[in-house]
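Residue numbers (my numbering): 1013 to 1669. These notes concern the structure reproduced below.
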């Protein structure tokens, strides 16, 4: 028992010393291989494993040790009965073989020609344990990488189907090493690459396509390098024609990543003939393949009219719009189909008509109430890209219940779908006064007003302000509906605020201009007189200049509210539009009223009072009253006026008393 402990301690010490490369020469001088050889067949499995690990570390560090092991025929000793050993023993042996094979082709060839070595690797590649498979695939890859002959030896042993199975394992490291081994085999020649293909190496293709996709997704420059690389696009097309759905899927994915960056890259994809194959992907039963095919088409069509027309000419629209695709319960498929149709429809009226003719309505409107926010957003974007082109297309959407669907979608609490819905609402209302009145009837203005009150995003606020302008610009009745919702003060606040974006200020200004020029609702216009900047105030006063000449009640309210006095305070440039409106308004009132409400007029009146000098005729009243004529009894004179009277009148009054 004591000897066993000593052997265990010894071999463990050797294994620990072998970790450091600087110890290898010292161990060689101590003839470590001769000491380890008998331990490889020790009765104790633990000692065997430690001895093999020590060998592997020594071989990994020093090519001379590897050569010595080959010369002393350690390999047959290691692989004997390997199929009956445990996973730790197999892992240790495979580590030794891998460490030998990595040095050069000559050593790898010795391992291959050693009786039973390749067969042992294949046995380990079939093992149930992933860690054993991983090390076996690693060793085979190290053998195959050195030369075509060695790679052919690996292929001839039947390793390829097993490496393909490694790609299907859940362990990431095993899939990585399996793909690496296939790469080491296929790189040497067309024949070996064909062997990989013939072995059904769909996962190899998938791995390669994953690499290409991962490169292309970063930026246009990297994608362009892949495109200009000889044979890269052709390889993607070959994979897109593959029988295996998973290969097609990854090829379509990579093509989409290339096309999304720029029109030139998308045109390169089209020129290689990818579009007909992508259309075929839409007809496959595999859900993921249809998703990625639709996404790739969207990435191509979004750039220009010409590319979108190419997608249409390839016959994609009917397959995108057909019921089994758009009504499929899968959310991801719905997203990609709606995005692809939107990318086509947005460019021209003709392309939008092609999309509409595929009978996508009212199905698209139903999707605006979908539970997924991204589906709602993409459906709203498609509606927006259809209705913006013409009155006829907008009327078609309205006739299928589009306004109600849009207003309901705007009312959703999530933000994703709000902007395309609001934009669609603006486009629809802008085409026709009747449609705009329908938007008002569906309480669209109230929903937009609520967004102005609650939203903090300037981009959303800008679109909302623009949409309100599209509704209110048609007539006084439309503008009255906007004004009655209390929109003008909010827009004025955003226009004059310091911390709002320039786009929001511009959209607020345009909407105020459009609506104020039509508004005849004096109660909504009057408060603006006191707060508006001059470039907005001129539109307000322009409306008053139309109403006041013919409305006495409005004139009275204009005075009592202080509006008439306020416009007298304005410093308008002579000859300006603002000055013209002020003059017209002043002419609607008597001159004394205008003077009365003019700032400073009461002060000028008081000043005149102070400066006024009255001129009165002095009448000397001489009254001679004799003492004998006066009553000295207890008779009092009551209510004698002190106002100027003649002496005769006073005398008569006294006598009557």
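Cβ coordinates follow ideal geometry from the N, Cα and C atoms, glycine included. Note that the structure is a prediction, hence the values are computed from the model and not measured.
Roughly how many angstroms lie between the CA atoms of residue i and residue j, to the nearest whole one?
{"i": "residue 1169", "j": "residue 1319", "result": "49 Å"}
{"i": "residue 1227", "j": "residue 1263", "result": "13 Å"}
{"i": "residue 1282", "j": "residue 1323", "result": "9 Å"}
{"i": "residue 1405", "j": "residue 1204", "result": "58 Å"}
{"i": "residue 1174", "j": "residue 1181", "result": "11 Å"}
{"i": "residue 1514", "j": "residue 1506", "result": "10 Å"}
{"i": "residue 1206", "j": "residue 1164", "result": "12 Å"}
{"i": "residue 1582", "j": "residue 1460", "result": "33 Å"}
{"i": "residue 1057", "j": "residue 1039", "result": "23 Å"}
{"i": "residue 1259", "j": "residue 1265", "result": "10 Å"}
{"i": "residue 1298", "j": "residue 1292", "result": "12 Å"}
{"i": "residue 1639", "j": "residue 1604", "result": "Caution is warranted here: a pLDDT of 47 is assigned to residue 1639, below 50, making its placement in the model unreliable, and the coordinate value is therefore given only provisionally. Whole-angstrom Cα-Cα distance: 58 Å."}
{"i": "residue 1244", "j": "residue 1100", "result": "42 Å"}
{"i": "residue 1032", "j": "residue 1066", "result": "11 Å"}
{"i": "residue 1516", "j": "residue 1477", "result": "8 Å"}
{"i": "residue 1592", "j": "residue 1549", "result": "12 Å"}
{"i": "residue 1392", "j": "residue 1589", "result": "42 Å"}
{"i": "residue 1120", "j": "residue 1043", "result": "24 Å"}
{"i": "residue 1256", "j": "residue 1268", "result": "19 Å"}
{"i": "residue 1508", "j": "residue 1552", "result": "16 Å"}
Which residues bound the alpha helix (DSSP H) around residue i?
{"i": "residue 1178", "result": "1171-1178"}
{"i": "residue 1491", "result": "1488-1496"}
{"i": "residue 1051", "result": "Looking at the DSSP string, residue 1051 is not in any alpha helix (DSSP H), and its letter there is neither H nor E."}
{"i": "residue 962", "result": "Any question about residue 962 goes unanswered here, given that the chain covers just 1013 to 1669."}
{"i": "residue 1303", "result": "1299-1313"}
{"i": "residue 1110", "result": "1099-1113"}
{"i": "residue 1095", "result": "First-last for residue 1095: undefined, no H or E at that position."}
{"i": "residue 1157", "result": "Per DSSP, residue 1157 belongs to no alpha helix (DSSP H) and is neither H nor E."}
{"i": "residue 1260", "result": "1257-1271"}
{"i": "residue 1236", "result": "1232-1240"}
{"i": "residue 1015", "result": "1014-1029"}
{"i": "residue 1136", "result": "1129-1137"}
{"i": "residue 1316", "result": "Looking at the DSSP string, residue 1316 is not in any alpha helix (DSSP H), and its letter there is neither H nor E."}
{"i": "residue 1365", "result": "1361-1369"}
{"i": "residue 1510", "result": "Element bounds for residue 1510: n/a, residue is neither H nor E."}
Using C-beta distances below 8 Å, list every residue in its chain close to residue i, excluding the 5 sequence neighbours before and after it, in chain order.
{"i": "residue 1493", "result": "1452, 1457, 1483, 1484"}
{"i": "residue 1465", "result": "1502"}
{"i": "residue 1428", "result": "1385, 1386, 1388, 1389"}
Can you list, in chain order, the residues of its chain whose CB lies under 6 Å from that of residue i, leaving out five sequence neighbours each side?
{"i": "residue 1652", "result": "Low confidence applies here, because residue 1652 scores a pLDDT of 41, under 50, leaving its location unreliable and the question unanswered by this model."}
{"i": "residue 1019", "result": "1059"}
{"i": "residue 1234", "result": "1227"}
{"i": "residue 1579", "result": "1594"}
{"i": "residue 1014", "result": "For residue 1014, the predicted model reports a pLDDT of 49, less than 50, meaning its position is unreliable; a value from the coordinates is still stated below. None."}
{"i": "residue 1397", "result": "1354, 1357, 1358"}
Which residues in the same chain have their Cβ closer than 7 Å to the Cβ of residue i, if we skip the five residues on either side of it in sequence?
{"i": "residue 1208", "result": "1172, 1194, 1197, 1198, 1216"}
{"i": "residue 1353", "result": "1332, 1333, 1367, 1372, 1394"}
{"i": "residue 1313", "result": "1319, 1320, 1323, 1352, 1355, 1356"}
{"i": "residue 1561", "result": "1600"}
{"i": "residue 1637", "result": "Low local confidence applies: a pLDDT of 46 at residue 1637 is under 50, so the model's placement there is unreliable, with the coordinate-based value given in what follows. Excluding sequence neighbours, residue 1637 sits near nothing in its chain."}
{"i": "residue 1609", "result": "1571, 1576, 1577, 1580"}
Please confirm whether residue i and residue j have their CB atoms less than 7 Å apart.
{"i": "residue 1600", "j": "residue 1567", "result": "yes"}
{"i": "residue 1357", "j": "residue 1351", "result": "no"}
{"i": "residue 1387", "j": "residue 1436", "result": "no"}
{"i": "residue 1085", "j": "residue 1036", "result": "no"}
{"i": "residue 1495", "j": "residue 1533", "result": "yes"}
{"i": "residue 1133", "j": "residue 1148", "result": "yes"}
{"i": "residue 1376", "j": "residue 1431", "result": "no"}
{"i": "residue 1471", "j": "residue 1438", "result": "no"}
{"i": "residue 1178", "j": "residue 1186", "result": "yes"}
{"i": "residue 1261", "j": "residue 1300", "result": "yes"}
{"i": "residue 1345", "j": "residue 1295", "result": "no"}
{"i": "residue 1124", "j": "residue 1136", "result": "no"}
{"i": "residue 1052", "j": "residue 1082", "result": "no"}
{"i": "residue 1349", "j": "residue 1306", "result": "yes"}
{"i": "residue 1317", "j": "residue 1359", "result": "yes"}
{"i": "residue 1380", "j": "residue 1421", "result": "yes"}
{"i": "residue 1064", "j": "residue 1104", "result": "yes"}
Using 7 Å as the limit for Cβ to Cβ distance, is residue i near chain B?
{"i": "residue 1360", "result": "Considering every chain present, this structure includes no chain B. It has just one protein chain."}
Taking 6 Å as the cut-off, is the C-beta of residue i nearer than that to any heavy atom in the ligand ZN?
{"i": "residue 1310", "result": "Because no ligand of any kind appears in the structure shown, any question about the ligand ZN cannot be addressed here."}
_At 3 residues or longer, what runs of the beta strand (DSSP E) sit wholly inside the segment 1522-1604?_
none
_Which runs of the alpha helix (DSSP H) at least 4 residues long sit entirely within the segment 1373-1425? Give them in chain order._
1375-1379, 1385-1399, 1403-1411, 1414-1422
_Ordered list of alpha helix (DSSP H) runs contained in the segment 1062-1094, each at least 4 residues_ = 1075-1083, 1086-1091
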